[in-house]
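Going by the working numbering, the first residue of the sequence shown is number 13, and it counts up by one from there.
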Amino acid sequence: MLAKLDQIEQDALEALAPLTTEEQLEAWRVANLGRSSPLMVVFTHLGQLSKEERPAIGRRANEVKGELEAALNAKNEVLQSDALQRALETERLDVTLPGRELPVGRLHIVTQTLREIARVFGDMGFQIYRSRDVEYDEYNFQLLNFPPNHPARDMQDSFYIEGSVDPDNPILLRTHTSPGQIHAMREITAQYPHDPPPIRIILPGMCYRYEQISARSEVQFTQVEGLAVGHSITFSDLKGTLSDFARRMFGQSVRSRFRASHFPFTEPSAEMDIECFVCGGEGCSVCKQTGWLELLGCGMVHPTVLLNGGYDPHKYTGYAFGMGPERAALLRHRIEDIRYFWSNDLRFLEQF
Ligand code: PHE
């Protein structure tokens, strides 16, 4: 009987050695330690042995059982660590491989310029006022002192919306940000009709003109309007603020000049030039040999416009200005064609 147990042990260990999978181990466990395995059969037959034989056989059978179980556990561990090793090798992450680059977006050059302008005016105490893109003729023209058929309208050919209800007050895409002046003033004077507080705002936004598209003109472009209304605001406030703006925006040494001009909604009106920052005023192709670059239109708010906004022109004065950020960016970066701004060509946009 003892020899038989030796044989059982030897056979089982031999069968275990070459196994390589978990399923094989399980089959081996059933065959060698399961209820009907030769070893277990020995246990069930212990009772039939003589009293003298029983203890030795029993002890040996337990020993074999312990050894087989230990061998199974050891084998299991080996298999598991082999599997881990294999997984580590085959599923290894090569962290030295460069990752796939994600395309990173950026702000449009005009947005960057707008933010720069807003920051400079923000530092000077101006708030941002947003106004609508779609306007009534009344706001875009009439309240700004452009009566119907006024020749100044010829400068701003417009996109009218079909099916406007009132033929005397058609709906159009705003041709400039100036109608926002009326909206802003009216919003404040509606709240404080007797003693409206002063205003210091900029009004950025898209404008639309029915133009022949060329390197110099587009049908859509942004403008930044400015409006200051208060007691005893004078033309020197306008000059000082805008000259300071030009220095903060284009460099401390930039000089500016004002030329008389005309806008129906400002009186007096002016255009402001800054010294050409490409040639420093010497004259070059960017400034067309003049040494100056035209930057914006401006003037003192016309009394009728103040009145249309609800401000009493006997008590209040103000100034307004309007500039094109595309133009500023165009000059700054020497961009040759204004059509690049809205044609969505990444080769252009990625340069800024
Ligand atoms: N709205 C004018 C334009 O589009 C610019 C301007 C604004 C001029 C405010 C004076 C004051 O040309």
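Here a beta-carbon is modelled for each residue, glycine too, at the ideal position from N, C-alpha and C.
Residue environment, residue i, which counts as buried when at least 16 other CB atoms sit within 10 Å
i	result
R339	buried
D149	buried
E147	buried
I200	buried
Q193	buried
A258	buried
R71	exposed
A272	exposed
V122	buried
Y151	buried
V236	buried
I225	exposed
M312	buried
N85	exposed
Y352	buried
Helix, strand or coil at residue i [DSSP, three-state]
i	result
I225	coil
Q36	helix
A202	helix
F262	helix
F393	As shown, the chain starts at 13 and ends at 364. That puts residue 393 outside it, with no answer to give.
G295	coil
E119	Glu is not the amino acid found at residue 119; the sequence shown has Leu there. In this structure, L119 counts as coil in the three-state DSSP scheme.
Any chain D beta carbon closer than 7 angstroms to residue i
i	result
D285	Looking at the structure shown, chain D is missing, and only one protein chain is on hand.
Contact test: residue i Cβ vs the ligand PHE heavy atom, cutoff 6 angstroms
i	result
A332	yes
T234	no
F275	yes
T123	no
T278	yes
S190	yes
C291	no
C296	no
G217	no
Contact check, residue i vs residue j, beta carbons under 7 angstroms
i	j	result
D285	R269	yes
F171	L184	yes
F277	H314	yes
R267	E287	yes
G303	G334	no
| query | Taking three-plus beta-carbon pairs below 8 angstroms as touching, is the stretch 73-87 in contact with the stretch 17-30? | reply | Pairwise C-beta distances place the stretch 73-87 in contact with the stretch 17-30, as three or more of them are shorter than 8 angstroms.
| task | Would you check if the stretch 150-163 and the stretch 104-113 touch, i.e. whether three or more CB-CB distances between them fall below 8 angstroms? | result | These segments do not touch.
| request: Mind the definition here: the stretch 217-224 touches the stretch 247-256 only if three or more C-beta pairs lie below 8 angstroms; say whether that holds. | output: Output reads no: the stretch 247-256 does not touch the stretch 217-224.
| Is it true that the stretch 129-142 meets the stretch 173-188, where meeting means three or more beta-carbon pairs spaced less than 8 angstroms apart? | Here the stretch 129-142 does not lie against the stretch 173-188, with fewer than 3 beta-carbon pairs under 8 angstroms apart.
| task | Report yes or no: do the stretch 201-214 and the stretch 315-323 share at least 3 C-beta pairs separated by less than 8 angstroms? | result | Contact between the stretch 201-214 and the stretch 315-323 is present: 3 or more CB-CB pairs across the two stretches fall below 8 angstroms.
| said: Taking contact to mean 3 or more Cβ pairs, one atom from each stretch, closer than 8 angstroms, check whether the stretch 295-310 and the stretch 340-353 are in contact. | reply: Enough Cβ pairs lie closer than 8 angstroms, so yes.
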